[in-house]
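A.B. asks:
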Amino acid sequence: MKTLPEQAKGFAHGKIILMGEHAVVYGEPAIALPFRATPVEVTIEKIATPNRIISSYYQGLLCEAPRSLNNLSILIKTICNDLNQSSDHLSITITSSIPAERGMGSSAAVATALVRALFTYYDEQLDASHLLNYVDLSEKIAHGNPSGIDARVTSSDVPIFYQKGSVFEPFTLNIAGYLIASDTGVQGQTRQTVKDVADQVKRSPDQTMVIIKRLGRLTLQAKEAIEKNQEVTLGKLMTQAHELLRQLNVSNDLLDQLVETALSHGALGAKLTGGGRGGCMIALTRTKKEAELVSNKLMEQGAVNTWIHALGADNEG
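The letter at position 5 of the sequence shown is residue 4 when you use numbering that gives the first Met the number 0, and the numbering goes up by one with no holes.
1) Inspect the CB distances between the segment 106-119 and the segment 30-40 and report whether three or more fall short of 8 Å.
2) Check whether the Cβ atoms of K14 and A31 lie closer than 8 Å to each other.
3) What whole-angstrom Cβ distance do L283 and E230 have, given they're in contact under 8 Å?
4) Check R285 in the structure and name its three-state DSSP category.
5) Can at least three beta-carbon pairs, one atom from the segment 183-196 and one from the segment 44-54, be found at a separation below 8 Å?
6) Excluding five sequence neighbours on each side, which residues of the same chain lie with their C-beta closer than 8 Å to the C-beta of E5?
7) For I210, tell me which candidate among G277, H241 and K296 has the shortest Cα-Cα distance.
8) Using a C-beta cutoff of 8 Å, does I174 count as contacting chain C?
9) For C279, which residues does DSSP report across the bridge?
10) How many whole angstroms separate the CB atoms of A150 and N70, which I take to be in contact at a CB cut-off of 8 Å?
11) Buried or exposed for V166, going by 16 or more other Cβ atoms inside 10 Å?
12) In its own chain, which residues sit with a C-beta less than 6 Å from the C-beta of G234, not counting the 5 before and 5 after it?
13) Looking at the unbroken beta strand (DSSP E) that takes in G59, where does it start and where does it end?
14) Just checking, does the segment 275-289 make contact with the segment 236-254 on the three C-beta pairs under 8 Å criterion?
15) Report the three-state DSSP secondary structure of S54 (helix, strand or coil).
16) Where do the ends of the alpha helix (DSSP H) carrying M237 lie?
17) Give me the Cα-Cα distance between E315 and V200, rounded to the nearest whole angstrom.
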C-alpha cells in the first residue's frame, strides 16, 4: 500500500489567443499561446477534518462551496473514484495569477493544476490524454460546450494552431521578442460579442465574411512569421487583425486606446485578445526594456494590470 505524502503540488499557466478570435467560430484558424507569465499553483495537504478549499474566490468547506465551484468538486470525486482513493480529508489551496473572465483560461488552468496535484498526491502516473480528459470534464461543467483549446494550452509549452471541427496542432514557438498582456479591468463580453458578430453576419453576410476570411489569412501568415522568427511581420499582422476586429465591432474605446498607446511607444504590434469589449489586449516588442516601457505606459492609460512574457529563445521559463 502506498504511503501518501503530506503535501503535493500541481502547476499550470494562462493562455492568450494571439490571432483568430471570432473568425474561428466560422471555420477560420486561430492561434493560442501558453502564457507562463500568469502561473497557477494548487497545493493539496492531508487534514483530519472534511475537505476544505482555500482560494481568493472562496475559503471554507468544499461541500459548502458555491455552485460555481461544482466543476472542481466533481473533478475531485471523479479522479479519486478512478484511482480508488478516498476523496476526504483534503485541504486544497489554489493560488492563481490569472484574472477571471478575461479570456486567459483561468478555469482550465486551475483544473489542470488540480488534476496534476491530485495525481502527484496519490503517486499515480498522469499522461497527457488523461489530463485533457479530466480538464475537459471540468470545463464542460463550468462552461457547457467549450472548444477544448483552454484545456490544451494551459497545460502546454508550445503554441497551438486550431480550427473548428479539426485537430489541435502544436507547433514550435520559433520567435524572439516579448509579449505584454494588459488587463482592462473589465470582464470580457465573449457571449455577447459572438452573438453580435453572428447578427452582423446575418445583416451583411458578404461584407462581414470578407472581414472574417481576412482574419483567417492573417492567422496563417502569423503562424508562418512565428515559425520563421519574423517578429516585425508578426507585429504588423497583429495590428491589422485589431483593425479588422474593430470592424466587427468587438473592440471598445479603452481597448483601442491601449492598442494605440502600445503602438505609439514602440510596440511592433498590438491588438485585443479574446472576446473583446473588455478583457485584455496584447502587444509585441523586441526587447524586455521596450516591453517594460510599454507596460508602464499602458498602466498610465487605464490598464489595471500587465504581464510580460518572453517568447521563444528569449523565454526564461
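Note that CB positions come from ideal geometry on N, CA and C, so glycine has one too.
C.D. replies: Taking the definition as stated:
1) yes
2) A31 sits close to K14, with the two beta carbons spaced by under 8 Å.
3) 7 Å
4) coil
5) no
6) E44 and K45
7) When G277, H241 and K296 are compared, the shortest CA-CA separation from I210 is found for H241.
8) You won't find chain C in this structure, because it holds only one protein chain.
9) Paired residue(s): D182 and T272.
10) About 12 Å; that fails the 8 Å criterion.
11) exposed
12) L267, G268 and L283
13) Run containing G59: Q58 to L60, per the beta strand (DSSP E) assignment.
14) Yes, since at least three Cβ pairs between the segment 275-289 and the segment 236-254 fall closer than 8 Å, the two stretches touch.
15) coil
16) E230 to Q246
17) Because the pLDDT of E315 is 45, which lies under 50, any placement of that residue in the model is unreliable, and the question is left without a value.
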